[in-house]
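K.L.:
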Amino acid sequence: MKRTMHLLDTRFNALFFTLAFGTWSAQAQTPAVPQPPATTIQAATEAKAHTFTLANGMTLIVRPDRRAPTVAHMLWVRVGSMDEVDGTSGVAHALEHMLFKGTPSLKPGEFSRRMAALGGRENAFTSRDATAYHQQVPASKLEEVMRLEADRFANNQWDDDEFKREIEVIKEERRQRTEDSPRARLFEALNAAVFQASPYRRPIIGWMSDLDAMTPDDVRAFYQRWYTPANAAVVIAGDVDVAEVRALAEKHYGPIAARVVPPRKPRDEPEQAGPRRVEYRAAAEQAVVALAFKAPRWTGGNDPASQDALALTVLSAVLDGYSGARLERALVQGQGMGGQRVADSAGASYGLYGRGPQLFLLSAVPARGVSADAASATLKTEVARIAREGISAAELQRVKTQWTAGEIYKLDSVFNQARELGNYWINGMDVNTGDRLMAALREVTAEQVQSVAQRYFSDEQLTTAVLVPDPSRRTAASGAPAPSRPALSRH
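According to numbering that gives the first Met the number 0, the sequence shown is numbered sequentially starting from 0.
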């Protein structure tokens, strides 16, 4: 089963959180952060990505990394759930599944069997902004991977019965990941309430009614519309020679016929003019509260909105970037202004960039005896405290040090390198964006962080979602017959 990226993109919050190296104290000196090995730093410094455009409009990005005889190969298509229309939500993800179902020269499932025979790993994912297919194989097997991937990109083919079987797998995926998870349903409802015009309001996996109504021709039409060379990029990182990879790309991807990328109509989100609230009642053990605030996205420039986006990234890390960060200490450890333990867990996340609008999210699971409104108020209090008092030099330095170390360590994985380059391409940025982003984050000041805390967290831009435990829902569910469910397949 392929991984689908759901709801809010927390890539930067997750990076900071997983780089926890101890507990921060406002009175302590900045804790020491382990530094990457010299060989890793040198390899990261020497690595350079090269970009080419094939005659048919397809982009090729190559980043050599000679530290191990392996290579990551990714095919990115600039199409995701945001490119769907109402009534066919989930079609981008359904098409991702169907790309594993054959071509005139490959039977259903044969692509994956060939990858396994090459000694490789492979999968795919769909997000709001993109669909990506990836493999990691021994460097000597790269040409075979390129041949197979080019074939299914250009010649995807399957019969109606194959689709009818696979759509049932996708519906079961939705049941397991969303329908059977009160928290997932809460965030799905939050997402639909936050956005009105933006296509980000729809779930990536699709509404169940749309999956029920989806036809094989819906998926084929989406494939014909968007899977064109000028809307795709091949990203390769690993033990390769740039000139040889370019020649292989010309050989296998170059012959694919060029087609015009359809125009994309703007669907801008109207300005929010007041608070919104969603309550989702379910047979849950604990309540959950989530606060979503509209926020700017980083475009790679020096405009005020992009500068604010960088500061919001740092704010997210100060609130929830490491063990003992502000939300952990105030809500979970009970070291806040009230001295009371308010939540079993609390977090913050921010998307930073994407093809559509971004959000800053605060969330908490209230502790026993604490109301969702009380937890929500405490989350707001911690942001208001930064707006009023600012952050310490130690906090700011810790975040920046962890960011730098994390970016260097990330380069140990050729898959992470390829994924980062693909993400930048999807968002219209160049291959040097990572370096510029790190440099820009190092320049963020405490004053900028305090400023965004003051300006972006008013109720005018707030959407609140609360998961309300409702025992009666459990009773109703227990009396219903269990539905018959097919077994999940990997693709």
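Ideal Cβ placement from N, Cα and C applies to all residues, glycine included. Predicted model only: the values in this text are computed from it and were never measured.
1) My understanding is that D209 touches P68, with C-beta atoms under 8 Å, so please give their C-beta distance in whole angstroms.
2) How many angstroms separate the CA atom of P295 from the CA atom of E459?
3) Can you list, in chain order, the stretches of the alpha helix (DSSP H) that have 4 or more residues and sit fully within the region 305 to 390?
4) Bridge partners of Q453, per DSSP?
5) Looking only at DSSP bridge pairs, what is W424 linked to?
6) Suppose the cutoff is 6 Å on Cβ atoms and the five residues either side in sequence are ignored; what does the same chain contact list for G355 look like?
7) Would you mind stating whether E142 and Q134 have Cβ atoms separated by less than 8 Å?
8) Helix, strand or coil, according to DSSP, for W225 in the structure here?
9) With a Cβ-Cβ cutoff of 8 Å, do V144 and G421 count as a contact?
10) Would you call Q401 buried or exposed, if buried means 16 or more other Cβ atoms sit within 10 Å of its Cβ?
11) According to DSSP, simplified to helix, strand and coil, what is G433?
12) In terms of residues, what are the limits of the beta strand (DSSP E) holding V144?
13) Taking the DSSP output, what are the residues bridged to Y279?
14) Please classify A37: is it buried, with 16 or more other beta-carbons within 10 angstroms of its beta-carbon, or exposed?
15) Pull up the distance between the alpha-carbon of R473 and that of E381, whole angstroms please.
16) Answer with buried or exposed for D128, where buried requires no fewer than 16 other C-beta atoms within 10 angstroms of its C-beta.
17) When you compare each of A404, R441, M57 and K47 to P228 by their alpha carbons, which one comes out closest?
18) Tell me whether M97 sits in a helix, a strand or coil according to DSSP, three-state version.
19) Taking T102 as the reference, which of A281, D150, F456 and D85 has the closest Cα?
20) Quick test of your reading: H92 and E165, contact by CB under 8 Å. State the CB separation rounded to the nearest angstrom.
21) What residue from G427, A231, G108 and L117 has the CA that sits closest to V259's CA?
22) Throw me the rounded Cβ distance for the T50 and V430 pair, which I believe falls under 8 Å.
23) How many angstroms separate the CA atom of P470 from the CA atom of L185?
24) Could you have a look at F194 and say whether DSSP puts it in helix, strand or coil?
25) In terms of residues, what are the limits of the beta strand (DSSP E) holding T52?
26) Expressed to the nearest angstrom, what Euclidean distance is found between the alpha-carbon atoms of G427 and A417?
27) Do L395 and T312 have their C-beta atoms closer together than 8 Å?
28) Buried or exposed for D372, please, with buried defined as at least 16 other CB atoms from any protein chain shown within 10 angstroms of its CB.
P.N.:
Well, looking at it:
1) As a first step, residue 209 must be located in the sequence shown, where it is residue number 210. As a first step, residue 68 must be located in the sequence shown, where it is residue number 69. With 8 Å as the limit, D209 and P68 do not qualify as a contact, their Cβ atoms being about 45 Å apart.
2) By 1-based counting over the sequence shown, the position of residue 295 is 296. By 1-based counting over the sequence shown, the position of residue 459 is 460. Rounded to the nearest angstrom, the two C-alpha atoms are 15 Å apart.
3) 371 to 388
4) To locate residue 453, count along the sequence shown from 1; it is residue 454. Note: Q453 sits in no beta bridge, so no partner.
5) In the sequence shown, the residue the question calls residue 424 occupies position 425. Answer by DSSP bridge pairing: none, since W424 is not bridged.
6) Here residue 355 corresponds to residue number 356 of the sequence shown, with the count starting at 1. Cβ within range, chain order: M81, S197 and Y199.
7) Here the question's residue 142 lines up with position 143 in the sequence shown. Here the question's residue 134 lines up with position 135 in the sequence shown. No; because the gap between Cβ atoms is not below 8 Å, this pair is not in contact.
8) For the purposes of this step, residue 225 is taken as the residue at position 226 of the sequence shown. If DSSP states are grouped into helix, strand and coil, W225 belongs with the helices.
9) As a first step, residue 144 must be located in the sequence shown, where it is residue number 145. As a first step, residue 421 must be located in the sequence shown, where it is residue number 422. For V144 and G421, no; Cβs fall outside 8 Å.
10) As a position in the sequence shown, residue 401 is number 402, starting the count at 1. Its Cβ being crowded by 16 or more others within 10 Å, Q401 is buried.
11) For the purposes of this step, residue 433 is taken as the residue at position 434 of the sequence shown. Helix, per DSSP.
12) Counting from one through the sequence shown, the residue named residue 144 turns up at place 145. In the DSSP annotation of this structure, V144 is not part of any beta strand (DSSP E); the continuous alpha helix (DSSP H) holding it starts and ends at L141 to N154.
13) Working through the sequence shown from its first residue, we reach residue 279 at position 280. Y279 is bridged to L466.
14) Start at 1 with the first residue of the sequence shown, and residue 37 comes out as number 38. Here the model assigns A37 a pLDDT of 47, short of 50, so the residue's position is not dependable, and the following value carries that caveat. Result: exposed.
15) Looking up residue 473 in the sequence shown gives position 474. Looking up residue 381 in the sequence shown gives position 382. C-alpha separation (whole angstroms): 35 Å.
16) Taking the sequence shown and counting its residues from 1, the one referred to as residue 128 is at position 129. So D128 counts as buried.
17) Here residue 228 refers to the residue found at position 229 when the sequence shown is read from its first residue. Checking every option, the nearest Cα to that of P228 belongs to M57.
18) In the sequence shown, residue 97 corresponds to position 98, counting from 1. DSSP places M97 within a helical segment (H, G or I) once states are collapsed to three.
19) Position 103 of the sequence shown, counting from 1, holds the residue named residue 102. Answer by Cα proximity: D150.
20) Looking up residue 92 in the sequence shown gives position 93. Looking up residue 165 in the sequence shown gives position 166. Rounded, the Cβ-Cβ distance is 11 Å, inconsistent with contact.
21) Indexing the sequence shown from 1 puts residue 259 at position 260. The shortest C-alpha separation from V259 is found at A231.
22) Numbered from 1 along the sequence shown, position 51 holds the residue referred to as residue 50. Numbered from 1 along the sequence shown, position 431 holds the residue referred to as residue 430. Indeed they touch by this definition, with Cβ atoms about 6 Å apart.
23) To locate residue 470, count along the sequence shown from 1; it is residue 471. To locate residue 185, count along the sequence shown from 1; it is residue 186. Approximately 17 Å, taken between the alpha carbons.
24) Your numbering for residue 194 matches position 195 in the sequence shown. F194: coil per DSSP, three-state reduction.
25) On the sequence shown, residue 52 is found 53 positions in, with the first residue counted as 1. Its beta strand (DSSP E) spans residues H49 to T52.
26) Locating residue 427 in the sequence shown gives position 428, where the first residue counts as 1. Locating residue 417 in the sequence shown gives position 418, where the first residue counts as 1. Between G427 and A417, the C-alpha separation is close to 16 Å.
27) On the sequence shown, residue 395 is found 396 positions in, with the first residue counted as 1. On the sequence shown, residue 312 is found 313 positions in, with the first residue counted as 1. Taking 8 Å as the Cβ cut-off, L395 and T312 do not qualify as a contacting pair.
28) Here residue 372 refers to the residue found at position 373 of the sequence shown. The residue in question, D372, is exposed, as its Cβ has fewer than 16 Cβ neighbours within 10 Å.
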